[in-house]
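Novice:
Protein chains: 2
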Amino acid sequence: MIPTITAFEQSPDRGQGLARDMSVRWALEEAGQPYEVRLVSFSALKQGAHCALQPFGQIPTYEEGDLVLFESGAIVFHIAERHAGLLPRDANARARAITWMFAALSTVEPVIIQREDSLYLERDRSWHEERLPMVEDRIRNRLAELGNRLGDQEWLDGAFSAGDLLMVQVLRRLSGSDILNDYPNLVTYVARGEARSAFKRAFAAQLAVFTANATERQG
Amino acid sequence: MIPTITAFEQSPDRGQGLARDMSVRWALEEAGQPYEVRLVSFSALKQGAHCALQPFGQIPTYEEGDLVLFESGAIVFHIAERHAGLLPRDANARARAITWMFAALSTVEPVIIQREDSLYLERDRSWHEERLPMVEDRIRNRLAELGNRLGDQEWLDGAFSAGDLLMVQVLRRLSGSDILNDYPNLVTYVARGEARSAFKRAFAAQLAVFTANATERQG
Chain P
1 MIPTITAFEQ
11 SPDRGQGLAR
21 DMSVRWALEE
31 AGQPYEVRLV
41 SFSALKQGAH
51 CALQPFGQIP
61 TYEEGDLVLF
71 ESGAIVFHIA
81 ERHAGLLPRD
91 ANARARAITW
101 MFAALSTVEP
111 VIIQREDSLY
121 LERDRSWHEE
131 RLPMVEDRIR
141 NRLAELGNRL
151 GDQEWLDGAF
161 SAGDLLMVQV
171 LRRLSGSDIL
181 NDYPNLVTYV
191 ARGEARSAFK
201 RAFAAQLAVF
211 TANATERQG
Chain V
220 MIPTITAFEQ
230 SPDRGQGLAR
240 DMSVRWALEE
250 AGQPYEVRLV
260 SFSALKQGAH
270 CALQPFGQIP
280 TYEEGDLVLF
290 ESGAIVFHIA
300 ERHAGLLPRD
310 ANARARAITW
320 MFAALSTVEP
330 VIIQREDSLY
340 LERDRSWHEE
350 RLPMVEDRIR
360 NRLAELGNRL
370 GDQEWLDGAF
380 SAGDLLMVQV
390 LRRLSGSDIL
400 NDYPNLVTYV
410 ARGEARSAFK
420 RAFAAQLAVF
430 TANATERQG
């Protein structure tokens with residue numbers, strides 16, 4: 001059964017693939033699984049039909065027959081459990097890869113979202129310029145710790161896993177800033193993720209949505 | 220093999236059980252599994268021996284023979300996969316419970332941590348009083364959405380699961396404020412979690428650490 005995911009009708013990042021549907025698209029491509037996409041407008045996000053699928057009015061969702069999931073981490077895990085290539089077979093290595101999935105979404109991403117909230121929701125405040133560097137210091141602390149652990153390894157723990165997939169996507173959210181550049185091994189880590197053919201297919205698919213909508217707006 | 224977890228030597232919440240070892244203790248109690256605890260001082264958190272286990276210098280960690288895990292979400296999942304009582308057997312219900320685990324830690328907790336960061340790291344700033352209500356509005360938005368989904372159900376999706384365990388613990392972090400009181404069904408949801416005997420055993424165990432250390436400081 002081909003699953004259906006949801007994504008933004010209008011990409012807020014203009015096709016950079018920073019929204020959370022990108023993680024799910026990438027995981028499906030790593031697994032070699034076809035999928036369908038239903039686009040959701042911003043005005044429909046917080047409305048009944050979408051909230052019945054996603055109580056927080058966000059994307060992506062994942063529908064597969066009777067099953068409805070949300071939370072990109074949970075969807076990526078669902079895909080990773082059912083297909084080869086995203087979680088190691090060895091039980092201990094698998095548990096460690098799952099640890100990195102949670103680390104990406106609950107330890108590294110939240111400080112990066114703090115910066116986005118600051119830029120989107122507090123830019124007009126007189127104290128925004130004073131506060132932004134404080135938030136960026138929190139990001140730098142996490143990146144320094146992550147970079148120390150990664151060292152000169154190719155991936156966070158052995159072979160590429162769903163933990164790396166989510167971590168690379170979380171770090172890609174910094175692409176509008178130069179913060180990541182102070183951590184060269186993290187820069188090459190992200191580049192290594194972006195070089196995967198599954199990433200490229202997922203990226204092209206989400207970019208095509210942006211391009212089609214942009215053409216439509218011009219037409 | 221009895222696992223060893225780490226917890227704060229000095230509970231920053233004075234024994235309220237808000238730190239992340241509480242989720243792991245609670246999961247182990249739900250699973251009926253004994254465990255050992257190694258206490259870590261604040262000064263040791265960011266040092267080599269602990270960072271070898273936990274790259275971000277946090278607690279808890281989980282050691283079981285050769286296996287070392289961190290991230291409370293990943294540890295709770297590891298326990299839930301191996302013992303009955305924390306994840307449904309039905310595949311779809313299990314995937315939905317995992318969705319709530321991620322929702323707790325990557326959608327609800329981050330806005331609550333923003334408030335804690337504001338209180339701990341920005342209290343001395345002239346704009347703190349102006350900004351705090353903005354952050355609290357973000358929390359209220361999430362709580363309203365969560366409360367709408369919960370409705371009058373006992374738990375988020377059928378039987379109590381690891382998703383409820385993590386969500387209850389995340390909501391408990393608001394116990395120093397009155398924000399949660401505006402969402403009566405979430406208040407009773409938290410109380411329902413706290414009434415579980417496994418919760419009570421876990422709570423008593425972490426409180427005993429605080430009490431013993433407090434007595435030692437007085438002695």
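Going line by line, the protein sequences match chains P and V. Note that this note's numbering has the first sequence beginning at 1, numbered continuously upward. Note that this note's numbering has the second sequence beginning at 220, numbered continuously upward. Just so you know, even glycine gets a beta-carbon here, dropped at the ideal spot from N, CA and C. Keep in mind the model is a prediction, meaning the values are calculated, not measured.
If we require 3 or more residues per run, which beta strand (DSSP E) segments fall completely within the stretch 253–277 of chain V?
Specialist: 255–259, all fully within the stretch 253–277 of chain V.
Novice: Give me whichever residues DSSP pairs with residue 281 of chain V in a beta bridge.
Specialist: In the second sequence, the residue the question calls residue 281 of chain V occupies position 62. Answer is V:224, V:288.
Novice: Between the Cα of residue 429 of chain V and the Cα atoms of V:260, V:353, V:330, which residue gives the shortest distance?
Specialist: Here residue 429 of chain V corresponds to residue number 210 of the second sequence, with the count starting at 1. The residue with the shortest Cα to Cα distance from residue 429 of chain V is V:260.
Novice: Do residue 411 of chain V and residue 69 of chain P have their CB atoms nearer than 8 Å?
Specialist: Indexing the second sequence from 1 puts residue 411 of chain V at position 192. Indexing the first sequence from 1 puts residue 69 of chain P at position 69. No, Cβ-Cβ distance for residue 411 of chain V and residue 69 of chain P is not below 8 Å.
Novice: Excluding the five sequence neighbours on either side, which residues of its own chain have a C-beta within less than 8 Å of the C-beta of residue 140 of chain P, listed in chain order?
Specialist: Taking the first sequence and counting its residues from 1, the one referred to as residue 140 of chain P is at position 140. Taken in chain order, the residues that qualify are 179, 182.
Novice: Within 10 angstroms of its Cβ, does residue 221 of chain V collect 16 or more other Cβ (buried), or is it exposed?
Specialist: As a working mapping, residue 221 of chain V is identified with position 2 in the second sequence. Burial call: exposed.
Novice: Using Cβ-Cβ distances below 9 Å, what residues of the stretch 286–315 of chain V are close to chain P?
Specialist: For the stretch 286–315 of chain V, which is checked against every Cβ of chain P, the residues closer than 9 Å are 286, 287, 288, 289, 290, 291, 292, 293, 294, 296, 297, 300, 310, 311, 314, 315.
Novice: Does any CB atom of chain P fall closer than 8 Å to the CB of residue 261 of chain V?
Specialist: For the purposes of this step, residue 261 of chain V is identified with residue 42 of the second sequence, where counting begins at 1. By this cut-off, residue 261 of chain V is not an interface position.
Novice: Within 8 Å, do at least three Cβ pairs link the stretch 149–161 of chain P to the stretch 97–108 of chain P?
Specialist: The answer is yes - the stretch 149–161 of chain P touches the stretch 97–108 of chain P, with three or more Cβ pairs under 8 Å.
Novice: Can you find the residues in the same chain that come closer than 8 Å, C-beta to C-beta, to residue 297 of chain V, ignoring five residues on each side of it along the sequence?
Specialist: Locating residue 297 of chain V in the second sequence gives position 78, counting from the first residue. If we look at residue 297 of chain V and ignore the five residues flanking it on each side, its Cβ neighbours are 281, 288.
Novice: I think residue 105 of chain P touches residue 73 of chain P, with their Cβ atoms under 8 Å apart; what is that distance to the nearest whole Å?
Specialist: Counting from 1 along the first sequence, the entry for residue 105 of chain P is found at position 105. Counting from 1 along the first sequence, the entry for residue 73 of chain P is found at position 73. Their Cβ separation, rounded to whole angstroms, is 5 Å, which keeps residue 105 of chain P and residue 73 of chain P in contact under 8 Å.
Novice: What three-state label does DSSP hand residue 402 of chain V in the structure shown?
Specialist: Mapped onto the second sequence, residue 402 of chain V falls at position 183. Coil, per DSSP.
Novice: Please report how far the alpha carbon of residue 302 of chain V lies from the alpha carbon of residue 250 of chain V, in whole angstroms.
Specialist: Position 83 of the second sequence, counted from the start, is the residue given in the question as residue 302 of chain V. Position 31 of the second sequence, counted from the start, is the residue given in the question as residue 250 of chain V. Near 6 Å, if we compare the C-alpha coordinates of residue 250 of chain V and residue 302 of chain V.
Novice: With 8 Å as the threshold, decide whether the Cβ of residue 396 of chain V is near any Cβ in chain P.
Specialist: In the second sequence, counting from the first residue as 1, residue 396 of chain V sits at position 177. No, its Cβ sits nowhere closer than 8 Å to a Cβ of chain P.
Novice: Tell me the rounded alpha-carbon separation between residue 215 of chain P and residue 208 of chain P.
Specialist: Translated into positions along the first sequence, residue 215 of chain P becomes position 215. Translated into positions along the first sequence, residue 208 of chain P becomes position 208. Their Cα atoms are separated by approximately 10 Å.
Novice: Check each candidate in V:333, V:226, V:231 and name the one with the smallest Cα separation from residue 242 of chain V.
Specialist: Position 23 of the second sequence, counted from the start, is the residue given in the question as residue 242 of chain V. Out of V:333, V:226, V:231, V:226 has the C-alpha closest to the C-alpha of residue 242 of chain V.
Novice: According to DSSP, is residue 110 of chain P helix, strand or coil?
Specialist: Here residue 110 of chain P refers to the residue found at position 110 when the first sequence is read from its first residue. If DSSP states are grouped into helix, strand and coil, residue 110 of chain P belongs with the helices.
Novice: If the criterion is Cβ atoms closer than 8 Å, does the pair residue 444 of chain V and residue 372 of chain V meet it?
Specialist: Nothing about residue 444 of chain V can be reported from this structure: the residues present for chain V run from 220 to 438 only.
Novice: Kindly indicate which residue of P:173, P:166, P:145 has the alpha-carbon position closest to the one of residue 185 of chain P.
Specialist: Here residue 185 of chain P corresponds to residue number 185 of the first sequence, with the count starting at 1. Per the Cα distances, P:145.
Novice: Is residue 198 of chain P closer than 8 Å to residue 64 of chain P when the C-beta atoms are compared?
Specialist: Reading the first sequence from its first residue, position 64 is the one you call residue 64 of chain P. Reading the first sequence from its first residue, position 198 is the one you call residue 198 of chain P. No, Cβ-Cβ distance for residue 64 of chain P and residue 198 of chain P is not below 8 Å.
Novice: Can you confirm whether residue 103 of chain P, when its beta carbon is compared against all beta carbons of chain V, has any partner nearer than 8 Å?
Specialist: The residue given as residue 103 of chain P occupies position 103 in the first sequence. Output row for residue 103 of chain P: interface = yes.
Novice: Out of V:415, V:369, V:406, V:386, point me to the one whose CA is closest to residue 55 of chain P's CA.
Specialist: Residue mapping note: residue 55 of chain P aligns to position 55 of the first sequence, counting from 1. Comparing Cα-Cα distances from residue 55 of chain P to each of V:415, V:369, V:406, V:386, the minimum goes to V:369.
Novice: Is there a Cβ from chain V that is less than 8 Å from the Cβ of residue 8 of chain P?
Specialist: As a first step, residue 8 of chain P is located in the first sequence; it is residue number 8 there, counting from the start. Chain V, which has no Cβ nearer than 8 Å to the Cβ of residue 8 of chain P, makes this no.
Novice: Which chain P residues are close to residue 380 of chain V, counting only those with a beta carbon under 7 Å from its beta carbon?
Specialist: Position 161 of the second sequence, counted from the first residue, corresponds to residue 380 of chain V. By Cβ distance, chain P contributes nothing, its closest Cβ being about 13 Å from residue 380 of chain V, past 7 Å.
Novice: Is residue 158 of chain P helix, strand or coil when you go by DSSP?
Specialist: Numbered from its first residue, the first sequence carries residue 158 of chain P at position 158. If DSSP states are grouped into helix, strand and coil, residue 158 of chain P belongs with coil.
Novice: Alpha carbon to alpha carbon, how far is residue 143 of chain P from residue 268 of chain V?
Specialist: By 1-based counting over the first sequence, the position of residue 143 of chain P is 143. By 1-based counting over the second sequence, the position of residue 268 of chain V is 49. Rounded to whole angstroms, residue 143 of chain P to residue 268 of chain V spans 19 Å at the Cα level.
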